[in-house]
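**Student:**
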Amino acid sequence: MNEQITIKELFSLDKTIATGIFEGAVYPWEVLSKIGDYIVELGNSLPQKEYYKRGDNIWIHKEATVFDSAYIAGPAIICKGAEVRHCAFIRGKAVVGENAVVGNSTELKNVILFDNVQVPHYNYVGDSILGYKSHMGAGSITSNVKSDKTLVVVKDKFDSGEEIETGRKKFGAMLGDHVEVGCNSVLNPGTVIGRDCNVYPLSSVRGVIPAEHIFKDAQHVVKKEEK
502 MNEQITIKEL
512 FSLDKTIATG
522 IFEGAVYPWE
532 VLSKIGDYIV
542 ELGNSLPQKE
552 YYKRGDNIWI
562 HKEATVFDSA
572 YIAGPAIICK
582 GAEVRHCAFI
592 RGKAVVGENA
602 VVGNSTELKN
612 VILFDNVQVP
622 HYNYVGDSIL
632 GYKSHMGAGS
642 ITSNVKSDKT
652 LVVVKDKFDS
662 GEEIETGRKK
672 FGAMLGDHVE
682 VGCNSVLNPG
692 TVIGRDCNVY
702 PLSSVRGVIP
712 AEHIFKDAQH
722 VVKKEEK
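If you count the sequence shown from 1, position 66 lands on 567 in the working numbering, and the numbers rise without skipping.
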């Protein structure tokens with residue numbers, strides 16, 4: 502088992518309404534196939550005094566802000582303080598955490614956004630999980646299907662050399678807590694980025710990036726200096 506890319510190493514599970522979905526799982530991509538059903542189960546248990554139900558299995562907190570021009574398909578949960586801005590496109594199976602931002606023309610599909618996540622400008626996030634306070638710069642996206650349509654393998658080139666078969670055709674990226682992704686970057690299928698990492702703008706990222714590193718390019722992934 503590759504400890505550094507396990508759920509417990511990547512995420513603060515007290516920073517999401519979807520904590521329960523991770524029970525019994527080791528790696529975060531194991532829960533991707535469960536998101537839709539989990540949202541329906543969780544949504545039906547949410548207090549009506551805090552959430553209102555809209556359409557087909559869409560729960561929106563009464564203190565969330567959803568622009569009239571945003572499109573939301575169920576199942577979905579939009580948590581307290583979240584903002585779903587102008588022309589956002591939520592295609593379903595999405596949890597948007599407390600105080601998270603889903604911005605202009607951003608598209609979500611089969612995702613969990615932890616609390617305080619920001620995907621504020623022209624982002625695509627599919628079949629992915631974004632940890633607490635992670636941020637994707639303008640135009641950065643997750644690529645969730647390989648060009649040859651084969652199953653995604655998570656490759657750890659920087660540490661163990663391990664390759665983990667996921668059994669999934671669709672798998673975008675797993676971002677640990679406090680990850681910063683620079684503008685116009687592409688996170689290729691099977692990308693896993695550890696906590697407190699930074700990714701330079703215009704990057705093409707693939708495989709595992711260890712916690713507390715800076716991805717400058719594929720040949721230059723450096724440990725952050727201690728403050």
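Note that the Cβ used here is the ideal one computed from N, Cα and C, for glycine as well.
Since the model is a prediction, treat every value here as computed from it, not as a measurement.
Looking at C-alpha atoms only, which residue of 568, 726, 654 and 667 is the closest neighbour of residue 707?
**Tutor:** For residue 707, the nearest C-alpha among the options comes from 654.
**Student:** Considering only C-alpha positions, which residue in the set 512, 574, 685 and 723 is nearest to residue 643?
**Tutor:** Checking every option, the nearest Cα to that of residue 643 belongs to 685.
**Student:** Which residues bound the beta strand (DSSP E) around residue 628?
**Tutor:** Note, residue 628: beta strand (DSSP E), 625 to 631.
**Student:** Can you tell me the Cβ-Cβ gap for residue 449 and residue 622, rounded? I've got them flagged as a contact below 8 Å.
**Tutor:** Here the chain covers residues 502 to 728 and nothing more, so residue 449 does not appear.
**Student:** Keeping to the same chain, check which residues put their C-beta closer than 7 Å to that of residue 616; ignore five residues upstream and five downstream.
**Tutor:** Closer than 7 Å at the Cβ level, and outside the excluded window around residue 616, lie 516, 517, 598, 599, 600, 601 and 633.
**Student:** Can residue 571 and residue 595 be called in contact, C-beta distance under 8 Å?
**Tutor:** Result no, Cβ atoms of residue 571 and residue 595 do not sit closer than 8 Å.
**Student:** Under the rule that 16 or more other beta-carbon atoms within 10 Å means buried, what is residue 608, buried or exposed?
**Tutor:** Result: buried.
**Student:** Is the CB-CB distance between residue 610 and residue 627 below 8 Å?
**Tutor:** Yes, they are a contact pair.
**Student:** Are residue 715 and residue 709 close, meaning C-beta to C-beta below 8 Å?
**Tutor:** Result no, Cβ atoms of residue 715 and residue 709 do not sit closer than 8 Å.
**Student:** When the Cα atoms are used, what is the spatial distance from residue 530 to residue 541?
**Tutor:** When rounded, the distance between both Cα atoms is 19 Å.
**Student:** Note down the Cα distance separating residue 559 from residue 694, rounded to an integer number of angstroms.
**Tutor:** Answer to the nearest angstrom: the Cα atoms are 30 Å apart.
**Student:** Output yes or no for whether 8 Å exceeds the beta carbon distance between residue 636 and residue 681.
**Tutor:** Yes, Cβ-Cβ distance for residue 636 and residue 681 is below 8 Å.
**Student:** What is the residue span of the beta strand (DSSP E) that residue 666 lies within?
**Tutor:** It spans 664 to 666 - the beta strand (DSSP E) in which residue 666 sits, taken as one unbroken run.
**Student:** Using the Cβ count rule (16 or more neighbours within 10 Å means buried), how would you classify residue 549?
**Tutor:** Exposed.
**Student:** In the DSSP assignment, find the unbroken beta strand (DSSP E) run with residue 603 in it and report its ends.
**Tutor:** Per DSSP, residue 603 belongs to the beta strand (DSSP E) from 602 to 605.
**Student:** Between which two residues does the alpha helix (DSSP H) carrying residue 724 extend?
**Tutor:** Here residue 724 belongs to no alpha helix (DSSP H); instead the beta strand (DSSP E) covers 721 to 724.
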